[in-house]
Ligand SMILES: Cc1cc2nc3c(=O)[nH]c(=O)nc-3n(C[C@H](O)[C@H](O)[C@H](O)COP(=O)(O)OP(=O)(O)OC[C@H]3O[C@@H](n4cnc5c(N)ncnc54)[C@H](O)[C@@H]3O)c2cc1C
Ligand SMILES: Cc1cc2nc3c(=O)[nH]c(=O)nc-3n(C[C@H](O)[C@H](O)[C@H](O)COP(=O)(O)OP(=O)(O)OC[C@H]3O[C@@H](n4cnc5c(N)ncnc54)[C@H](O)[C@@H]3O)c2cc1C
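Protein chains in written order, with the numbering used here: chain G, 1 to 248; chain Y, 1001 to 1388.
Quick look at the structure:
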């Protein structure tokens, strides 16, 4: 079974984000970029499946500008086998990415697709679900644990706790934070990654319309939090929660 | 010349940077500000990770099983590995493995079995015994410790000072005079086991590197066999010359890493701190300090990468190695000093790593050949061999 994983190039989680002066978005020039952390979890899970003999090949997919190749290389250095890059300088929204991925799925015929539950830049939490709908496949979102057998058993992180679902294959999985701890790349794999192939495609060649459906009006910094206060006693705390905050 | 890291180098840099930020710094927060070691279980866990990364034994030459990376890549990683409180002298608390002294790699097969391999396996620790009370800058003239021929071996008499970690080492390399008439060509390098009769650690010497002290050694009729001679008799200074010159490059890189970390702290702090109604970063006085930091860091980085690139290509790099060691240690001190100043009283506290960097960085202008000696080397290069 082939496994397709999505790896999005996002602003590195260590970078302190700055809003552009004209409020059209956040500053990305000269900012360190790396793989979306939820996608690292997806790559790790796919590699583990391959190590356990449950997957035959791991393909890393990324859509976006030329530098996305670096993100794919990182996945290859972790242990993925090859990459597919859809080159596009346009703004890609979740629906566009889901359609591009569908086109690649049609071509590659993987048995499983694993994507991050969301990307840390736009926090959309939509691509996996849209892809499952476009493909008509089952979906297991917010995965906390996966077990591949006849189908795939997914433990999902839901508000009340954990939910167990059994999916038929092929399926789309979205990863949550606790699914695994992604490995570091390794020197031998980084060297091997150099020789692993990355196929380059375009949205035009795949026949996908990637035009944005949503328009961003304005991006603003979150308001700075007001300083808190210290209370002296539990009684005072209870009193304030009751009378000032009105929460109890 | 292209100083842009290749995409492979960048991946290694990212990997090590992440290792420092996610594995080392959180553990360090729980340690004593002067600690030089991790708890054994943490150390073991981290070594497993660096082994999985294929970077364990980072200073072991590839022919001895170390990772296959060139000296430019090694230098780029050294800049990352030192970016934490203990990073100047113990990058990542040794999780990337120890190295063994340069000279031991030149040992004969028997000595390699007895000393090099156990050291690379982490079973034995060495000390390096060169400096004497009579002086360390010019050891060829200053060394007074004598070794006299006796019964297929040599009897050592004399003393050494500022020898790091000799009280915790199983063996060491000791330079002694075997021919009084020959000056530089009369020094021999010996391997001395710490339990050899006549060898004593006389006292601990406290320095401003309070995290790890130096020692004073005494040799009193200390007999070692011919099998302990490293290299040839009277050839002590010829052993591992090239490796020793190379060592100055990652040594410089560690200074740069600390300077970068201090500078980043100063930049962040200046944007948060307000005095006289506005942020420190709005003041030109502070901005210029930050710009000077930037200049110092970039200069040291270019000089150090140039030395590394020459070493990688196999062209002469002695002068460049001297320059980068000199510049990185001196400018590193200035950067840490300015960054402390910007932090005000906070910069003086042990809550922040700055004060440890400040103390330890000061030693970098003395260790591995003091600044003046590096300048002498460069002067000789500029003016020719006539300058002594
Ligand atoms: C913390 C610490 C750890 C150390 N660990 C070790 C170790 O493990 N093993 C070891 O062998 N040594 C070790 N040393 C010793 C170190 O290598 C020496 O201190 C160093 O080589 C300088 O020698 P010195 O102290 O005798 O100074 P000196 O040689 O007496 O020099 C004094 C000063 O004069 C300057 N100077 C010397 N000659 C000239 C000249 N011709 N022109 C202008 N200026 C000159 C020097 O640069 C220096 O600033 C350590 C030192 C310290 C502080
Ligand atoms: C060991 C020690 C003992 C002390 N003991 C006492 C004590 O007994 N009692 C007491 O009250 N205090 C004490 N202090 C505090 C000391 O007086 C303050 O640290 C000092 O006044 C600086 O204030 P700060 O640390 O808040 O730095 P900040 O005021 O935050 O200044 C940070 C840096 O910015 C610079 N700066 C500030 N404003 C400007 C500007 N407009 N333009 C350019 N640069 C600027 C400052 O010169 C400094 O370098 C002590 C501090 C130390 C380290």
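C-beta atoms are modelled at their ideal positions from N, C-alpha and C, and glycine is treated no differently. Being a predicted model, the structure only gives us computed values, none of them experimental.
- From the beta-carbon of residue 188/G, the residues of chain Y found nearer than 8 Å are 1054.
- Annotation for residue 1063/Y: no residue places its beta carbon closer than 8 Å to its own, counting only its chain and skipping 5 residues before and after.
- The beta-carbon of residue 193/G is placed less than 9 Å from the nearest beta-carbon of chain Y.
- A distance of 9 Å or more separates the beta carbons of residue 51/G and residue 180/G.
- With fewer than 16 neighbouring CB atoms inside 10 Å of its own CB, residue 197/G falls in the exposed class.
- Residues of the segment 208-221 of chain G with a C-beta less than 9 Å from any C-beta of chain Y: none at all.
- Within chain Y, the residues placing a beta-carbon under 8 Å from that of residue 14/G are 1021, ordered along the chain.
- At a threshold of 8 Å, residue 1273/Y counts as near ligand 2, since its beta carbon sits closer than that to one of the ligand's heavy atoms.
- In the three-state DSSP reduction, residue 1051/Y falls in the helix class (H, G or I).
- Interface annotation, residue 1316/Y: not in contact with chain G, CB-CB separation never under 9 Å.
- Its chain contains 128, 129, 132, 171 and 172 as the residues whose beta carbon lies nearer than 7 Å to that of residue 139/G, once the 5 sequence neighbours on both sides are disregarded; these appear in chain order.
- In chain order, 1011 and 1014 make up the part of chain Y whose C-beta sits under 9 Å from the C-beta of residue 74/G.
- If you check each beta-carbon in the segment 29-61 of chain G against every beta-carbon of chain Y, the ones closer than 8 Å belong to 34.
- Contact with chain Y is found for residue 70/G, since one of that chain's Cβ atoms lies less than 9 Å from the residue's Cβ.
- Taking the Cβ atoms as the reference, residue 80/G lies roughly 4 Å from residue 60/G, within the contact range of under 8 Å.
- DSSP places residue 1041/Y in the helix class (H, G or I) of the three-state scheme.
- Set against 8 Å, the gap from the CB of residue 1209/Y to the closest heavy atom of ligand 1 is smaller.
- Among the bridge pairs identified by DSSP, residue 143/G is matched with 156/G and 175/G.
- DSSP lists 1171/Y as the bridge partner or partners of residue 1193/Y.
- Against chain Y, the CB of residue 80/G has no partner CB under 9 Å away; the residue lies outside that interface.
- At a C-beta separation below 8 Å, residue 77/G has these neighbours in chain Y: 1011.
- Only 1067, 1068 and 1069 from the segment 1063-1074 of chain Y bring a Cβ to less than 9 Å from some Cβ of chain G.
- Close to residue 183/G, with beta-carbon spacing below 8 Å, are these residues of chain Y in chain order: 1052.
- Boundaries of the beta strand (DSSP E) harbouring residue 35/G: 33-35, taken from the DSSP string.
- Under the 9 Å criterion on CB atoms, residue 1030/Y is classed as non-interfacial with respect to chain G.
- If only complete runs of 4 or more residues are kept, the segment 1111-1136 of chain Y shows the alpha helix (DSSP H) at 1117-1120, in order along the chain.
- Residue range 1146-1149 is occupied by the beta strand (DSSP E) that includes residue 1149/Y.
- Cα atoms of residue 1048/Y and residue 1214/Y: separation of roughly 30 Å, rounded to the nearest angstrom.
- Taking the Cα positions, residue 29/G is about 10 Å away from residue 11/G.
- Judged by DSSP in its simplified three-state form, residue 1371/Y adopts helix.
- Secondary structure at residue 1/G: coil, using DSSP grouped into helix, strand and coil.
- When rounded, the separation of the alpha-carbon atoms in residue 1087/Y and residue 1093/Y is 7 Å.
- Inter-segment contact for the segment 1037-1047 of chain Y and the segment 1217-1228 of chain Y is absent: fewer than three beta-carbon pairs are separated by less than 8 Å.
- Contact check for residue 1091/Y and residue 1078/Y: beta-carbon distance about 7 Å, within the 8 Å limit, so the pair qualifies.
- Residue 1018/Y has a beta carbon lying within less than 9 Å of a beta carbon in chain G.
- By the CB criterion at 9 Å, residue 174/G and residue 153/G fall outside the cutoff.
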